[in-house]
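Engineer: Chains A and F supply the protein sequences, listed in that same order.
Throughout, the working numbering is defined as the position within the first sequence, counted from one, plus 717.
Throughout, the working numbering is defined as the position within the second sequence, counted from one, plus 717.
All C-beta atoms in this analysis are idealised placements derived from N, C-alpha and C, irrespective of residue type, glycine included.
No experiment lies behind these values; they were computed from the predicted model shown.
Let me give you the structure first, and then I'll get to my questions.
2 protein chains.
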Amino acid sequence: MPRAFASVPTRLGAPDRRLRQLTSYSLKRAYHRLQSDAARVLEDLGLRITTYSALAIVCDMPDLRQSQLAEALSMERSNTVVIVDALEQADLIERRRVEHDRRAYALRATAAGRRLCDQATEALHRHEAEMLAPLNDKERGDLMDLLRKLDGGVDGS
Amino acid sequence: MPRAFASVPTRLGAPDRRLRQLTSYSLKRAYHRLQSDAARVLEDLGLRITTYSALAIVCDMPDLRQSQLAEALSMERSNTVVIVDALEQADLIERRRVEHDRRAYALRATAAGRRLCDQATEALHRHEAEMLAPLNDKERGDLMDLLRKLDGGVDGS
DNA sequence: CGTAAATGGTTATCGCGCATGACAATTATG
DNA sequence: CATAATTGTCATGCGCGATAACCATTTACG
Numbered sequence: 718m719p720r721a722f723a724s725v726p727t728r729l730g731a732p733d734r735r736l737r738q739l740t741s742y743s744l745k746r747a748y749h750r751l752q753s754d755a756a757r758v759l760e761d762l763g764l765r766i767t768t769y770s771a772l773a774i775v776c777d778m779p780d781l782r783q784s785q786l787a788e789a790l791s792m793e794r795s796n797t798v799v800i801v802d803a804l805e806q807a808d809l810i811e812r813r814r815v816e817h818d819r820r821a822y823a824l825r826a827t828a829a830g831r832r833l834c835d836q837a838t839e840a841l842h843r844h845e846a847e848m849l850a851p852l853n854d855k856e857r858g859d860l861m862d863l864l865r866k867l868d869g870g871v872d873g874s
Numbered sequence: 718m719p720r721a722f723a724s725v726p727t728r729l730g731a732p733d734r735r736l737r738q739l740t741s742y743s744l745k746r747a748y749h750r751l752q753s754d755a756a757r758v759l760e761d762l763g764l765r766i767t768t769y770s771a772l773a774i775v776c777d778m779p780d781l782r783q784s785q786l787a788e789a790l791s792m793e794r795s796n797t798v799v800i801v802d803a804l805e806q807a808d809l810i811e812r813r814r815v816e817h818d819r820r821a822y823a824l825r826a827t828a829a830g831r832r833l834c835d836q837a838t839e840a841l842h843r844h845e846a847e848m849l850a851p852l853n854d855k856e857r858g859d860l861m862d863l864l865r866k867l868d869g870g871v872d873g874s
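Given below as structure tokens:
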């Protein structure tokens with residue numbers, strides 16, 4: 718641990734006062750903390766964040782197409798290709814051809830995929846609980862609600 | 718806008734039920750929305766998010782060193798180099814040599830830098846208000862508090 | 001004092017997440 | 001039937017951040 722100078726203190730008092738006024742800034746900081754933790758958790762399971770997210774969606778919504786997956790993940794469909802490739806090569810999901818439309822694929826999780834997804838989901842919840850330690854139960858719920866409201870605010874009627 | 722199929726609805730009902738249970742997921746989605754909006758706002762001013770953040774910190778804390786900047790931004794000091802380079806080349810900040818330590822630089826914003834920073838800060842607050850539209854005043858405050866708590870929970874007593 | 005360790009800045013390189021733009025194959029539509 | 005729209009794909013680039021190795025300088029210590 719570095720010692721403080723006489724004139725220049727090492728721990729300066731909040732050099733980011735201005736930034737702290739921006740919700741985006743605090744959001745970004747919180748995001749990075751949770752995200753890098755989640756990445757570490759998933760790494761042990763051979764997954765990355767995008768890869769896990771896609772797997773989870775495919776598990777919960779079988780026979781989804783890649784474009785729909787992209788829409789669900791709010792990303793461009795071109796990016797889903799490599800994600801689905803990775804999941805397919807790991808035998809976690811399958812690309813099935815769909816009847817009546819030879820362009821599209823119907824994505825479906827394998828048994829191994831569903832198993833790994835459950836495992837990952839549980840591990841994530843466990844670690845997330847630690848990251849959310851500074852918040853009590855009500856605060857966690859509030860945070861969830863607020864974040865969801867920011868994200869399109871679509872709540873199933 | 719795509720029309721819905723008869724059998725396969727385009728808007729399928731929340732394919733990410735499972736992910737929605739994770740705070741990290743909602744956090745990530747909210748982050749991306751606010752972040753890309755902020756990036757667009759700053760682009761018009763010739764700034765990027767990292768570049769603006771660094772500028773804001775230097776403005777509020779003159780004669781900061783690059784390592785301290787890195788610490789304030791929670792990033793490795795190597796990454797601050799290119800950021801400071803960009804700001805210096807744009808004449809927004811200066812690298813001053815510091816007395817008694819010829820290794821370090823004291824970063825200081827120029828008049829133009831402070832002006833641009835104020836401009837950017839105001840623009841960001843304006844746009845952020847729009848992004849936070851689905852939240853009322855209390856909710857915005859709550860969100861801020863919760864995010865800050867997640868981020869080390871250091872509140873200046 | 002002199003050598004070793006710590007510190008500040010720099011460079012090169014890599015990884016992840018995501019966007020854009022173009023493309024071929026297929027399907028829908030006027 | 002010709003044209004438009006849709007699906008998946010590929011190549012490429014950008015932004016952000018991490019790691020590792022490297023000097024120059026400063027500090028600590030035997």
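Hey, is residue 827 of chain A's beta-carbon within less than 8 Å of any beta-carbon in chain F?
Structural biologist: Chain F, which has no Cβ nearer than 8 Å to the Cβ of residue 827 of chain A, makes this no.
Engineer: I'd like the span of the alpha helix (DSSP H) that includes residue 821 of chain F, first residue to last.
Structural biologist: Looking at the DSSP string, residue 821 of chain F is not in any alpha helix (DSSP H); the run it does join, the beta strand (DSSP E), is 818 to 826.
Engineer: Tell whether a beta-carbon distance below 8 Å holds between residue 839 of chain F and residue 827 of chain F.
Structural biologist: No, the pair does not count as a contact, with Cβ atoms beyond the cut-off.
Engineer: What residues from the region 804 to 823 of chain A come within 9 Å of chain F, judged by C-beta to C-beta, listed N to C?
Structural biologist: Within the region 804 to 823 of chain A, no residue has a Cβ that lies closer than 9 Å to any Cβ of chain F.
Engineer: Against chain F, with Cβ distances strictly below 8 Å, would residue 838 of chain A count as a contact?
Structural biologist: So, interface residue.
Engineer: Below 8 Å on the Cβ atoms is my contact criterion, and I expect residue 786 of chain F with residue 797 of chain F to pass it. Report the Cβ-Cβ distance as a whole number of Å.
Structural biologist: Indeed, because the Cβ distance is near 5 Å, the residues count as touching under 8 Å.
Engineer: Taking C-beta pairs closer than 8 Å, name the residues in chain F that residue 770 of chain A reaches, listed in chain order.
Structural biologist: Residues of chain F passing the Cβ test: 733, 736, 742.
Engineer: Would you call the region 748 to 758 of chain A in contact with the region 838 to 856 of chain A, where contact means no fewer than 3 C-beta pairs closer than 8 Å?
Structural biologist: Yes, they touch.
Engineer: Run through chain F and tell me which residues come within less than 7 Å of residue 745 of chain A, C-beta to C-beta.
Structural biologist: Per Cβ cutoff of 7 Å: 748, 752.
Engineer: With DSSP run on the structure shown, which of helix, strand or coil describes residue 735 of chain A?
Structural biologist: If DSSP states are grouped into helix, strand and coil, residue 735 of chain A belongs with coil.
Engineer: Using a Cβ-Cβ distance under 8 Å, would residue 761 of chain F count as near chain A?
Structural biologist: Not closer than 8 Å to any Cβ of chain A, the Cβ of residue 761 of chain F fails to qualify, so no.
Engineer: Could you check which residue in A:755, A:744, A:732 has the C-alpha nearest to that of residue 842 of chain A?
Structural biologist: Among A:755, A:744, A:732, the Cα nearest to that of residue 842 of chain A is on A:755.
Engineer: Do you know offhand how far residue 825 of chain F's Cα is from residue 779 of chain F's?
Structural biologist: Approximately 5 Å between the Cα atoms of the pair.
Engineer: Mind pulling the chain F residues with CB within less than 9 Å of residue 859 of chain A?
Structural biologist: Correct list: 856, 859, 860, 863.
Engineer: Roughly how many angstroms separate the alpha carbons of residue 789 of chain A and residue 738 of chain A, rounded to a whole number?
Structural biologist: Between residue 789 of chain A and residue 738 of chain A, the C-alpha separation is close to 31 Å.
Engineer: When burial is assigned at 16 or more other CB atoms within 10 Å of the CB, is residue 836 of chain A buried or exposed?
Structural biologist: Flag for residue 836 of chain A reads exposed.
Engineer: Sort out for me which residues DSSP pairs residue 810 of chain A with in a bridge.
Structural biologist: Partner(s): A:826.
Engineer: From residue 735 of chain A to residue 746 of chain A, what distance separates their C-alpha atoms?
Structural biologist: Rounded to whole angstroms, residue 735 of chain A to residue 746 of chain A spans 14 Å at the Cα level.
Engineer: Starting from residue 788 of chain F, follow the alpha helix (DSSP H) in both directions and report where the run begins and ends.
Structural biologist: Counting along the chain, the alpha helix (DSSP H) containing residue 788 of chain F begins and ends at 783 to 790.
Engineer: Mind reading off the beta-carbon distance from residue 856 of chain F to residue 860 of chain A? Whole number of angstroms is fine, and I expect it under 8 Å.
Structural biologist: No, residue 856 of chain F and residue 860 of chain A are not in contact; Cβ-Cβ is about 11 Å, not under 8 Å.
Engineer: Between residue 841 of chain F and chain A, is the shortest Cβ-Cβ distance under 8 Å, so that the two count as touching?
Structural biologist: By this cut-off, residue 841 of chain F is an interface position.
Engineer: Are the CB atoms of residue 823 of chain A and residue 809 of chain A nearer to each other than 8 Å?
Structural biologist: Their beta carbons are not under 8 Å apart, which means residue 823 of chain A does not touch residue 809 of chain A by this criterion.
Engineer: Here's the rule I'm using: 16 or more other beta-carbon atoms within 10 Å means buried, otherwise exposed. How should residue 806 of chain A be labelled?
Structural biologist: Classification of residue 806 of chain A: exposed, given that the 10 Å Cβ count is below 16.
Engineer: Which residue wins for smallest C-alpha separation from residue 832 of chain A, given the options A:740, A:820, A:777, A:819?
Structural biologist: If we check each option's Cα against that of residue 832 of chain A, A:777 comes out closest.
Engineer: What is the DSSP secondary structure of residue 872 of chain A, counted as helix, strand or coil?
Structural biologist: Only weak support exists for where residue 872 of chain A lies, its pLDDT of 46 falling under 50; the value from the coordinates is given anyway. The answer is coil: DSSP assigns residue 872 of chain A none of H, G, I, E or B.
Engineer: Contact defined as beta carbons within less than 8 Å: I believe residue 865 of chain F pairs with residue 770 of chain A. What is the distance between those atoms, to the nearest angstrom?
Structural biologist: Actually they are not in contact, since the Cβ atoms of residue 865 of chain F and residue 770 of chain A sit about 26 Å apart, beyond 8 Å.
Engineer: Please list the partners that residue 789 of chain F has in chain A, where partner means a Cβ-to-Cβ separation under 7 Å.
Structural biologist: Within 7 Å Cβ-Cβ: 732, 733.
Engineer: Could you tell me whether any Cβ in chain A is nearer than 8 Å to the Cβ of residue 793 of chain F?
Structural biologist: Answer no: the Cβ-Cβ gap between residue 793 of chain F and chain A never drops below 8 Å.
Engineer: Go ahead and label residue 761 of chain F buried or exposed: buried means 16 or more other beta carbons lie within 10 angstroms of its beta carbon, across all protein chains shown.
Structural biologist: Label assigned to residue 761 of chain F: exposed.
Engineer: What residue range does the alpha helix (DSSP H) around residue 861 of chain A cover?
Structural biologist: Segment 854 to 867, the alpha helix (DSSP H) holding residue 861 of chain A.
Engineer: Just checking my contact of residue 804 of chain A with residue 772 of chain A at CB under 8 Å: how many whole Å lie between their CB atoms?
Structural biologist: Indeed they touch by this definition, with Cβ atoms about 6 Å apart.
Engineer: Using only CA atoms, which one of A:813, A:800, A:815 lies nearest to residue 883 of chain A?
Structural biologist: Outside the displayed span of chain A (718 to 874) sits residue 883 of chain A, for which this structure offers no information.
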